[in-house]
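I have placed the structure first, in the form of structure tokens, so that the comments after it can refer back to it.
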Amino acid sequence: MTIPYILDMIGTVAFAVSGALVGVRKEMDFYGVTFLALVTAVGGGTTRDIMVGKIPPIIFADYNYLIVSVVVSFAVFFYHKHFESKMHLFLTMDALGLGVFTVTGVSVGLAYDVGWAGAVMLAVITGTFGGMFRDILSKEIPLVLQKEIYASAAMLGGIIYCLCHYAGINKSISFILVTSFVFSLRMISLRRKWGLPVVRIKQ
Amino acid sequence: MTIPYILDMIGTVAFAVSGALVGVRKEMDFYGVTFLALVTAVGGGTTRDIMVGKIPPIIFADYNYLIVSVVVSFAVFFYHKHFESKMHLFLTMDALGLGVFTVTGVSVGLAYDVGWAGAVMLAVITGTFGGMFRDILSKEIPLVLQKEIYASAAMLGGIIYCLCHYAGINKSISFILVTSFVFSLRMISLRRKWGLPVVRIKQ
Amino acid sequence: MTIPYILDMIGTVAFAVSGALVGVRKEMDFYGVTFLALVTAVGGGTTRDIMVGKIPPIIFADYNYLIVSVVVSFAVFFYHKHFESKMHLFLTMDALGLGVFTVTGVSVGLAYDVGWAGAVMLAVITGTFGGMFRDILSKEIPLVLQKEIYASAAMLGGIIYCLCHYAGINKSISFILVTSFVFSLRMISLRRKWGLPVVRIKQ
Numbered sequence: 006m007t008i009p010y011i012l013d014m015i016g017t018v019a020f021a022v023s024g025a026l027v028g029v030r031k032e033m034d035f036y037g038v039t040f041l042a043l044v045t046a047v048g049g050g051t052t053r054d055i056m057v058g059k060i061p062p063i064i065f066a067d068y069n070y071l072i073v074s075v076v077v078s079f080a081v082f083f084y085h086k087h088f089e090s091k092m093h094l095f096l097t098m099d100a101l102g103l104g105v106f107t108v109t110g111v112s113v114g115l116a117y118d119v120g121w122a123g124a125v126m127l128a129v130i131t132g133t134f135g136g137m138f139r140d141i142l143s144k145e146i147p148l149v150l151q152k153e154i155y156a157s158a159a160m161l162g163g164i165i166y167c168l169c170h171y172a173g174i175n176k177s178i179s180f181i182l183v184t185s186f187v188f189s190l191r192m193i194s195l196r197r198k199w200g201l202p203v204v205r206i207k208q
Numbered sequence: 006m007t008i009p010y011i012l013d014m015i016g017t018v019a020f021a022v023s024g025a026l027v028g029v030r031k032e033m034d035f036y037g038v039t040f041l042a043l044v045t046a047v048g049g050g051t052t053r054d055i056m057v058g059k060i061p062p063i064i065f066a067d068y069n070y071l072i073v074s075v076v077v078s079f080a081v082f083f084y085h086k087h088f089e090s091k092m093h094l095f096l097t098m099d100a101l102g103l104g105v106f107t108v109t110g111v112s113v114g115l116a117y118d119v120g121w122a123g124a125v126m127l128a129v130i131t132g133t134f135g136g137m138f139r140d141i142l143s144k145e146i147p148l149v150l151q152k153e154i155y156a157s158a159a160m161l162g163g164i165i166y167c168l169c170h171y172a173g174i175n176k177s178i179s180f181i182l183v184t185s186f187v188f189s190l191r192m193i194s195l196r197r198k199w200g201l202p203v204v205r206i207k208q
Numbered sequence: 006m007t008i009p010y011i012l013d014m015i016g017t018v019a020f021a022v023s024g025a026l027v028g029v030r031k032e033m034d035f036y037g038v039t040f041l042a043l044v045t046a047v048g049g050g051t052t053r054d055i056m057v058g059k060i061p062p063i064i065f066a067d068y069n070y071l072i073v074s075v076v077v078s079f080a081v082f083f084y085h086k087h088f089e090s091k092m093h094l095f096l097t098m099d100a101l102g103l104g105v106f107t108v109t110g111v112s113v114g115l116a117y118d119v120g121w122a123g124a125v126m127l128a129v130i131t132g133t134f135g136g137m138f139r140d141i142l143s144k145e146i147p148l149v150l151q152k153e154i155y156a157s158a159a160m161l162g163g164i165i166y167c168l169c170h171y172a173g174i175n176k177s178i179s180f181i182l183v184t185s186f187v188f189s190l191r192m193i194s195l196r197r198k199w200g201l202p203v204v205r206i207k208q
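Chains as they are written, first to last, in my numbering: chain A, 6 to 208; chain B, 6 to 208; chain C, 6 to 208.
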């Protein structure tokens, strides 16, 4: 168990918690809650793998994501009020997850030779598609399209990773650098309520 | 034409009917009704095939699914009231379809070496993703996430099939056993209104 | 740069404009608007490529789609009122795009040996799935399922292309023939408000 893998699992827990909580809030049954946790946790990575032809995709290749999602779903299902009261902790874990998922996304892209812009898109896909599927399944316009610095943090992190890669910088250093950058940017923008511009068209 | 294939087509008819009826109820045009019928019928199998790298996926590999879906759409489009009045028949056919689709899903998973848990997930995907796509396309929270024993019947059926597989039991026997089990569990839970637990959070 | 490629890019601009406008109308942030533009423009082609095993899919294989979508998003974001007032122009470009996308879809299908009906389905997928994803992401029932001659124009165009293909007609001639046919059918049906039949069930 390497450090990146442990951080990846921490991010997976945070993503699964966010999926399971939405399931509980929408009064889904236990299967629905677990499904939403699993989709939120591995939807991004699975889409990424299918898009580059990495078969079998991560959901089948590493059962730890399934195990983590099921365990998290049990916990959230029975103690959801407790989880709701710890939102700050989970937003922090989620920001960490976003940082790690950015790196795994961009790395897979570079390994599968989809070019730097493709690799950056895969960073964004890995970091955001799970949450997008969660929102579609619960009949909401995806949060990631509406506000907050989230996908854009993954995009900037992906670009920095590519620059490090082409500059020949050691992978562990790039990992630490990009994960810290995405994590910090996300945390600061949460605290300062930073967001991208929006056109206000309704009166 | 083997018995499993005939049962598969019966399930396909039932899935296509459920898709076409939703299309008619949402006042979609004839293309929309046919599209919903086809997606409901082969959306699960097609997702399964793409996820394990079985190319071309079932929708292209066997045109009978397309033919059945188009014929069903014509019938439902012109005689939808007649179909609405036969819901009990279609729920029975649907339960049969769920049983057969469970077996095809888990078999493909074992053949493509995604491990037992992966094979069980593919049973659930094959049995439920078509209906999930139908609900997303008609702007509803997927029924399968909300109530009734549906995905969980496919999951249990998939686990039983894997146990039979590792115990070296003949495939035809496993097929009969699992299809009957899923069919019966689904029918009984429909009649008794069984469901998985839900957390009630609204007052 | 061949003529078909230029027409393809014109269609991509039109599809990206329609995505970006929906993003602005739903008050998404700049990332959301760009994402919707990109998904609308290449969602169909990317789904087609994944379904036939053409890896990497078009979104990664040709960056011009990404560049066009980002440039369009900037323009729509800052001058959306200007774009809204030019709807007739964009509907014309969109009809042209539908014609070109029909041909690319059916050609990929024939090249990847999915049979004529599979190739026709890929024409429809290439022409319509981008817009369908756009509508799902903005919590609307996909327009293409509800009214107007749109998917059916791609379907007829796909069938004509297959007939030309099996009759051994030159590809450039088939391209011109099918693109003009789909474009004209779409434009006429827009002007005459043609649509497929719908069952009216609400009082």
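Ideal placement from N, C-alpha and C gives every residue a C-beta, glycine not left out.
Per-residue contacts from Leu-142(A) into chain B (C-beta, under 8 Å): Correct list: Met-137, Ile-141, Ile-146, Pro-147, Leu-150.
Coarse secondary structure for Val-262(C), derived from DSSP in three states: No answer is possible for residue 262(C): it lies beyond the span of chain C, which begins at 6 and ends at 208.
By alpha-carbon positions, which one of Met-92(B), Thr-131(B), Leu-41(B), Val-108(B) ends up nearest to Ser-185(B)? Proximity to Ser-185(B) across Met-92(B), Thr-131(B), Leu-41(B), Val-108(B) peaks at Val-108(B), based on C-alpha coordinates.
With DSSP as the reference, label Val-203(A) as helix, strand or coil. Of the three classes helix, strand and coil, the one that applies to Val-203(A) here is strand, per DSSP.
Would you give the residue range spanned by the alpha helix (DSSP H) that Thr-97(B) belongs to? Per DSSP, the continuous alpha helix (DSSP H) segment holding Thr-97(B) begins and ends at 92–116.
If Phe-209(B) sits next to Val-38(B), beta carbons under 8 Å apart, how far is it from one beta carbon to the other, in whole angstroms? Coverage of chain B is limited to positions 6 through 208, which leaves residue 209(B) absent and any answer about it impossible.
To which residues of the same chain is Ala-19(A) closer than 6 Å at the C-beta, ignoring the five residues directly before and after it? Excluding sequence positions up to five before and after Ala-19(A), its CB lies within less than 6 Å of the CB of Phe-95, Met-98, Asp-99, Gly-102, all in the same chain and listed in chain order.
Once you ignore the five residues that flank Arg-139(B) on each side, which residues in its own chain have a CB closer than 8 Å to its CB? Excluding positions up to five away in sequence, the list reads Ser-23, Gly-24, Val-27, Leu-41, Val-44, Thr-45, Gly-48.
Would you call the CB atoms of Thr-131(C) and Gly-104(C) closer than 7 Å? At the C-beta level, Thr-131(C) and Gly-104(C) stay beyond 7 Å of one another.
Any idea if Val-13(C) is buried or exposed, counting beta-carbon neighbours within 10 angstroms, 16 or more meaning buried? Going by the sequence as given, residue 13(C) is Asp instead of Val. Classified as buried, Asp-13(C) has 16 or more neighbouring CB atoms from the shown chains inside 10 Å of its CB.
Exposed unless 16 or more other CB atoms sit within 10 angstroms - verdict on Val-29(A): Buried, by the Cβ-count rule.
Is it true that the stretch 116–135 of chain B meets the stretch 121–128 of chain A, where meeting means three or more beta-carbon pairs spaced less than 8 Å apart? Fewer than three beta-carbon pairs drawn from the stretch 116–135 of chain B and the stretch 121–128 of chain A are found closer than 8 Å, and the two stretches are therefore not classed as touching.
Residue of Gly-58(B), Arg-53(B), Tyr-84(B) minimising C-alpha distance to Val-203(C): Nearest to Val-203(C) by C-alpha distance, out of Gly-58(B), Arg-53(B), Tyr-84(B), is Tyr-84(B).
Per-residue contacts from Ile-55(C) into chain A (C-beta, under 8 Å): Under a criterion of Cβ atoms nearer than 8 Å, the residues of chain A adjacent to Ile-55(C) are, in order, Ile-55, Met-56.
Name the DSSP beta bridge partners of Asp-34(C), please? Asp-34(C) is bridged to Val-203(A).
Quick one: any contact between the stretch 148–168 of chain C and the stretch 62–77 of chain C, if contact means 3 or more CB pairs under 8 Å? Not touching, per the Cβ criterion.
What do you get for Ser-112(A), buried or exposed, if any count of 16 or more other CB atoms within 10 angstroms of its CB means buried? A residue is called buried when at least 16 other Cβ atoms come within 10 angstroms of its Cβ; Ser-112(A) meets this threshold and is buried.
Residues in its own chain within less than 7 Å of Thr-52(A) by CB, not counting five upstream and five downstream? Same-chain partners within the cutoff: Ile-130, Phe-134.
Could you tell me whether any Cβ in chain B is nearer than 7 Å to the Cβ of Ser-157(C)? Yes - at least one Cβ of chain B is within 7 Å of the one on Ser-157(C).
Pro-61(C) touches chain B at which residues, Cβ-Cβ below 9 Å? Annotation: Pro-61(C) has no Cβ neighbours in chain B at a cutoff of 9 Å; minimum Cβ distance is about 15 Å.
Answer with buried or exposed for Leu-201(C), where buried requires no fewer than 16 other C-beta atoms within 10 angstroms of its C-beta. Counting Cβ neighbours within 10 Å, Leu-201(C) comes out buried, since at least 16 surround it.
Can Phe-180(A) and Pro-9(A) be called in contact, C-beta distance under 7 Å? Yes, they are a contact pair.
List the whole-angstrom C-beta distance separating Gly-50(A) from Ile-63(A), where the pair is believed to meet the contact cut-off of C-beta under 8 Å. Their Cβ separation, rounded to whole angstroms, is 4 Å, which keeps Gly-50(A) and Ile-63(A) in contact under 8 Å.
When the distance is taken between beta carbons, is Ile-206(B) closer than 7 Å to Lys-144(A)? Taking 7 Å as the cut-off, the Cβ atoms of Lys-144(A) and Ile-206(B) do not count as close.
How many angstroms separate the CA atom of Trp-11(C) from the CA atom of Thr-7(B)? According to the sequence shown, residue 11(C) is Ile rather than Trp. Answer to the nearest angstrom: the Cα atoms are 50 Å apart.
Helix, strand or coil for Lys-86(A) per DSSP? Three-state DSSP puts Lys-86(A) in a helix.
Take Leu-190(A) and list the residues in its own chain whose beta-carbon comes closer than 6 Å to its own, dropping the five residues that flank it on each side. Closer than 6 Å at the Cβ level, and outside the excluded window around Leu-190(A), lie Ala-158.
Kindly indicate which residue of Ser-78(A), Ala-116(A), Ile-154(A), Asp-34(A) has the alpha-carbon position closest to the one of Phe-35(C). Ranking Ser-78(A), Ala-116(A), Ile-154(A), Asp-34(A) by Cα distance to Phe-35(C) puts Ile-154(A) first.
Does any residue of chain C bring its CB to less than 7 Å from the CB of Tyr-171(B)? Under the Cβ criterion of 7 Å, Tyr-171(B) is not counted among the residues facing chain C.
Quick one: what does DSSP say Val-29(C) is sitting in, helix, strand or coil? In the structure shown, Val-29(C) sits in a helix (DSSP, three-state: H, G or I).
So which residues of chain C does Thr-48(A) contact, with C-beta pairs closer than 9 Å? Here the sequence assigns Gly to residue 48(A), which means Thr is not the residue at that position. Correct list: empty, because the minimum Cβ distance to chain C is about 14 Å.
CA nearest to the CA of Lys-31(C), picked from Lys-152(A), Val-57(A), Gly-136(A), Ile-55(A): For the set Lys-152(A), Val-57(A), Gly-136(A), Ile-55(A), the Cα lying nearest the Cα of Lys-31(C) is the one of Lys-152(A).
Under DSSP, the alpha helix (DSSP H) around Thr-7(C) begins and ends at which residues? Segment: none, Thr-7(C) is in no alpha helix (DSSP H) and carries neither H nor E.
Closest residue to Val-75(A) among Met-92(A), Gly-114(A), Ile-55(A), Thr-17(A) (Cα-Cα distance): Considering only alpha carbons, the answer is Thr-17(A).
Selection of the stretch 21–38 of chain A by Cβ proximity to chain B, strictly under 9 Å: For the stretch 21–38 of chain A, which is checked against every Cβ of chain B, the residues closer than 9 Å are Gly-28, Val-29, Arg-30, Lys-31, Glu-32, Met-33, Asp-34, Phe-35, Tyr-36, Gly-37, Val-38.
Classify Met-33(C): buried if its beta carbon has 16 or more other beta carbons within 10 angstroms, exposed otherwise. With 16 or more Cβ atoms within 10 Å of its Cβ, Met-33(C) is classed as buried.
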